[in-house]
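With our numbering applied, the sequence shown corresponds to residues 50 to 615, in that order.
For glycine and all other residues, C-beta sits at the position ideal for the given N, C-alpha and C.
Quantities reported herein were computed from a predicted structural model and do not represent experimental measurements.
Let me begin by presenting the structure, written as structure tokens, before commenting on it.
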Amino acid sequence: MAEQGSGTRSRTRRWLTRYPRALPVALFALISAITLLSLVSLERGQDQRASSQLRSRAIAVASALERRTNSSSAYLRAGAALLASLPDVPYDQFSRFVSELRLDSVYRGPEGIGWAPVVRPADLAALEERVSRETGRRFRVEPPLAGTQPFLVPVAYLHPDTERNRRAIGYDMYSEPVRRATMREAERTARPTATRKIVLRQEGTGTAPGFLIYMPVFEAAPGGARRLKGFIYSPFNARDFLASALELEDAGTYSVELYDGDPASSELLASSGELVGDEHETIQRTIPVANNPWVLVVRSSEGGGLSGLSMATLIFGLLVASLLMLLVRMLTQQAMEDEASLAWFEEQASIRNSLTRELNHRVKNTLANVLSIIALTRRRATSLAEFADGLDGRIRALSATHDLLTNSDWGTTPVRAVVEAELLPYAQGSDHIVGLEGPAVELAPNDALSLGLAIHELATNAAKYGALSRAGGRVSVRWRLTSERLVRVEWQERGGPPVPDVRNRGFGTDLIERIVAHELKNPVQLVFEREGVNCVLTIPIRRPSEFAMRAARAEPTPPVARLMRR
């Protein structure tokens with residue numbers, strides 16, 4: 050049983066370490082999927098409730114509009130019956146009739162009730178004189194009668210008598226095509242008929258849309274026929290009409306739009322409310338308004354965001370998924386750390402063995418270079434002091450470059466750092482000038498050692514015989530990239546003592562032309578001009594894999610040791 054439990058834990062650990070990211074993500078995805086399914090179900094139910102409420106609201110607003118128009122039509126029918134029984138329509142009797150009608154508080158929405166008689170051209174002057182006398186105001190019909198128009202239908206009375214309604218007094222409604230077509234339809238059907246979208250005369254210079262409802266009034270004619278006497282009508286401002294209907298059924302958090310025919314911006318009569326957030330749903334209903342079909346559009350103002358219950362479900366589901374993912378992630382991390390610890394111990398043992406072999410190899414190379422320098426210095430030295438000074442300087446040059454390599458963990462070393470380390474003793478003086486110029490270029494360890502030896506020899510020679518031995522002397526070291534894998538380093542001396550034509554070949558020349566050139570695998574141009582020494586070194590730029598400390602390669606014997614054996 051114990052072995053079975055251990056095997057189960059081992060398999061679990063292997064799964065955790067083999068799929069460190071997949072298991073937490075899969076668990077998070079599973080819980081998130083369950084949460085999303087719950088959200089979809091909740092939102093679907095919420096949408097169904099919202100759609101039902103929107104339909105109910107649209108039905109209620111449509112009913113309120115119909116009740117308003119039906120009430121107006123009923124009053125116009127009653128007025129038409131009264132006016133048809135009178136031989137004439139005097140101003141006082143019409144005013145009393147309208148005043149009694151408006152005692153009903155339900156009759157709201159229209160701007161009033163008016164009377165527009167049918168007038169033949171021969172009777173126009175008599176009508177203007179009679180209405181002016183009855184109302185006490187000058188009454189004139191406009192616009193003038195057109196040649197093809199058989200009669201006029203001017204507005205004689207319009208109550209209530211307000212400044213706004215007086216703008217319509219005297220206007221021949223039969224002269225305007227929309228009004229004329231509606232009056233003809235009302236005469237044909239003998240029932241209240243609404244016009245299409247128009248601008249009322251009451252608006253003056255305004256452009257607010259409105260409409261009219263006409264009810265024809267007939268009188269008896271000889272022979273038992275009937276003759277059109279005029280029209281009793283009601284003008285409506287569309288915005289006020291919609292607002293009065295919404296007083297009965299408040300639109301609440303919905304947008305309501307009323308169109309004359311197809312819903313289009315050019316046919317919009319009135320609108321109420323503004324949508325909050327994204328549009329959720331739209332309901333359209335056709336409303337018969339006084340023998341004229343209108344379209345009511347009700348839009349939901351609810352935004353596209355989640356409901357409160359859905360948001361709470363989402364937060365709770367994501368919280369549970371995150372906590373479970375974090376827990377599995379912690380277990381996975383612990384298992385990975387255990388595996389990493391074992392791998393680290395194995396790696397450290399391998400690194401320790403590799404470093405030991407590498408250290409032995411580098412120490413042997415360094416000792417071989419030192420022995421070669423000692424041998425060559427001894428051959429060229431004429432005294433013990435000269436031998437000691439030459440050996441001391443060259444060993445210090447190796448030491449300075451070794452310090453740079455040690456600081457970089459035997460990685461790449463900048464050209465500028467190598468040159469500055471060798472010229473540091475001479476750059477601090479004020480009696481000569483040392484200039485360095487070049488881009489940032491990194492060298493491999495062995496190449497940096499070779500460059501350091503060359504710069505040391507050139508600087509030592511300049512301090513003894515060249516530009517660094519005299520006040521005002523100048524040493525310039527410039528380097529530039531000639532390709533992606535080569536850098537060109539130029540040493541130039543000026544301002545020092547003239548270089549003699551005949552001179553002895555020293556160790557520095559051998560070191561630069563043989564050892565450094567061989568190590569860099571590129572020839573060295575060393576020219577002793579009259580004005581000073583010029584030296585050009587071409588150094589390879591190697592990839593880190595070519596000199597990595599644990600790279601599997603067999604390094605050749607240093608050229609210094611081979612030269613010493615010659």
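Three-state secondary structure (DSSP) of residue i
i           : result
residue 214 : helix
residue 510 : helix
residue 300 : Interpretation of residue 300 is limited by its pLDDT of 49, a score under 50 that renders its predicted location unreliable; the figure taken from the coordinates is listed afterwards. Three-state result, residue 300: coil.
residue 613 : Caution applies to residue 613, whose pLDDT of 38 falls short of 50 and renders its modelled position unreliable; the model cannot decide the point.
residue 590 : coil
residue 607 : With a pLDDT of 48 at residue 607, under the threshold of 50, the predicted position of this residue should be treated as unreliable, though the coordinate-derived value follows. DSSP places residue 607 in coil when its eight states are reduced to three.
residue 529 : strand
residue 519 : coil
residue 335 : strand
residue 474 : helix
residue 52  : The pLDDT assigned to residue 52 is 49, lower than 50, so where the model puts this residue is not dependable, and the model offers no usable value.
residue 493 : coil
residue 258 : strand
residue 243 : strand
residue 96  : helix
residue 312 : coil
residue 306 : strand
residue 377 : helix
residue 369 : helix
residue 265 : strand
residue 548 : coil
residue 462 : strand
When the options are compared against residue i, the one with the closest alpha-carbon
i           : options               : result
residue 29  : 319, 500, 376 and 510 : For the chain, the structure presents residues 50 to 615; residue 29 sits outside this window and is missing.
residue 217 : 163, 258 and 291      : 163
residue 239 : 265, 245, 177 and 539 : 265
residue 294 : 522, 109 and 182      : 109
residue 78  : 591, 370 and 505      : 370
residue 74  : 375, 460 and 115      : 375
residue 263 : 146, 361 and 118      : 118
residue 334 : 305, 258 and 437      : 305
residue 114 : 185, 191, 140 and 345 : 345
residue 261 : 267, 230 and 244      : 244
residue 496 : 214, 538, 588 and 269 : 588
residue 546 : 207, 111 and 580      : 580
residue 107 : 191, 189 and 347      : 347
residue 566 : 511, 548, 434 and 502 : 502
residue 84  : 474, 362 and 468      : 362
residue 160 : 124, 284 and 93       : 284
residue 576 : 274, 470, 235 and 542 : 542
residue 128 : 86, 258 and 282       : 282
residue 490 : 537, 364, 229 and 214 : 537
residue 188 : 219, 210 and 462      : 219
residue 246 : 255, 136, 315 and 184 : 315
residue 191 : 174, 185 and 255      : 174
residue 560 : 535, 540 and 504      : 504
residue 530 : 524, 539, 523 and 522 : 539
residue 618 : 509, 336, 205 and 460 : For residue 618 there is no data in the structure shown, the boundaries of the chain being 50 and 615.
residue 585 : 569, 86 and 210       : 569
For residue i, the first and last residue of its enclosing alpha helix (DSSP H)
i           : result
residue 142 : 140 to 150
residue 235 : 226 to 238
residue 569 : 566 to 569
Check: residue i C-beta below 7 Å from any heavy atom of the ligand NAP
i           : result
residue 249 : The ligand NAP is not part of this structure, which contains no ligands at all.
Residue interval of the beta strand (DSSP E) (run including residue i)
i           : result
residue 574 : 574 to 577
residue 543 : 535 to 543
residue 346 : 342 to 349
residue 482 : 481 to 486
residue 319 : 317 to 321
residue 206 : 206 to 208
Cutoff 8 Å: residue i Cβ touching any chain C Cβ
i           : result
residue 126 : Of the protein chains in this structure there is only one, and it is not chain C.
Which runs of the alpha helix (DSSP H), 4 residues or longer, sit entirely within the segment 152 to 201? 173 to 184
Segments assigned alpha helix (DSSP H), at least 4 residues, entirely inside the segment 269 to 293: none
Looking at C-beta atoms only, is the number of pairs between the segment 378 to 391 and the segment 94 to 105 that lie closer than 8 Å three or more? no
Would you call the segment 130 to 144 and the segment 250 to 258 in contact, with 3 or more CB pairs under 8 Å? no
Assess contact between the segment 170 to 179 and the segment 265 to 280, defined as three or more Cβ pairs (one per stretch) separated by less than 8 Å. Is contact present? no
Per the contact definition of three or more C-beta pairs closer than 8 Å, is the segment 220 to 236 in contact with the segment 197 to 206? yes
Could you name each continuous alpha helix (DSSP H) segment of 4 residues or more that falls completely within the segment 71 to 138, going from the start of the chain to the end? 71 to 133
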